[in-house]
Every structure is written in structure tokens, then in C-alpha cells.
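Reading through the C-alpha cells given below for one structure.
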Amino acid sequence: MNTTVRVQGEIDFSSCEPFRAALDEAVRRGGDVTLDCSELAFIGAAGMHLVIGAAKALEPKQLVIIDDGWIAHIADLLNLCDLFPNITITLTPVGRARRAYRTSG
Numbered sequence: 001m002n003t004t005v006r007v008q009g010e011i012d013f014s015s016c017e018p019f020r021a022a023l024d025e026a027v028r029r030g031g032d033v034t035l036d037c038s039e040l041a042f043i044g045a046a047g048m049h050l051v052i053g054a055a056k057a058l059e060p061k062q063l064v065i066i067d068d069g070w071i072a073h074i075a076d077l078l079n080l081c082d083l084f085p086n087i088t089i090t091l092t093p094v095g096r097a098r099r100a101y102r103t104s105g
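The UniProt record's numbering numbers the first residue of the sequence shown as 1 and each following residue consecutively.
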């Protein structure tokens, strides 16, 4: 069973409680989790901490992140996909364009 959690707007320390509750519920269901961040404008350290916690709790199940580039950039900086092989990031077309722009220069 795959559960999808959709997030939008901003996730920071002051707004992460609903995100935590949604991730906890998705993990509790026991299957893979898809985290749709295609409408996410910002994610802070508190939000990334929750993503990492969900990945740990899911092992060996998969955490698939649909992203427009923000989480992918942070994941690259922190080597998250190497540290947590159960994290897969799928870039949207906007995310692919952002990654191409960042790596072109």
C-alpha cells in the first residue's frame, strides 16, 4: 500500500506540526510513502528533520519524493540518498530545469 502526502507553501519550525502528523500517519500505515512537494515553496531544517525521520522509520520501505528542486538540492548537499537508500527523488519538469541551471555554470 502506498500513501501520498501532499505539501504546499512553506514548512519551517513554526509550521511543521501538521507536516509531522501527516508523515507519522503515512508511516504508521506501513507501506511506501510518496511525498509530493511539487507545490512546496520552502522547507527549513525542521521540515528536513521530519523527512529524514520518516525515511528512517520507513526502512526498508521507500520514501519517494516528488520535488521541484528544493529538497533535491538539500538532499544533494547532505548526501541523503546515499545515507538513506530508501529515499528516491523524482524531479518535476521545473526541478529538472533548476538542476540543469545549477550545474551548468
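Glycine included, each C-beta is placed from N, C-alpha and C at the ideal position.
Computed from a predicted model, the values in this text were never measured in an experiment.
Query	Result
Span of the alpha helix (DSSP H), counted from its first residue to its last, around residue 98	93 to 104
Residue 6, enclosing alpha helix (DSSP H) - first and last residue	Careful: residue 6 lies outside any alpha helix (DSSP H), inside the beta strand (DSSP E) at 3 to 11.
Residues bridged to residue 65 [DSSP beta-bridge criterion]	35, 89
Inter-residue Cα distance where the pair is residue 11 and residue 64	18 Å
Cα-Cα separation, residue 74 to residue 30	26 Å
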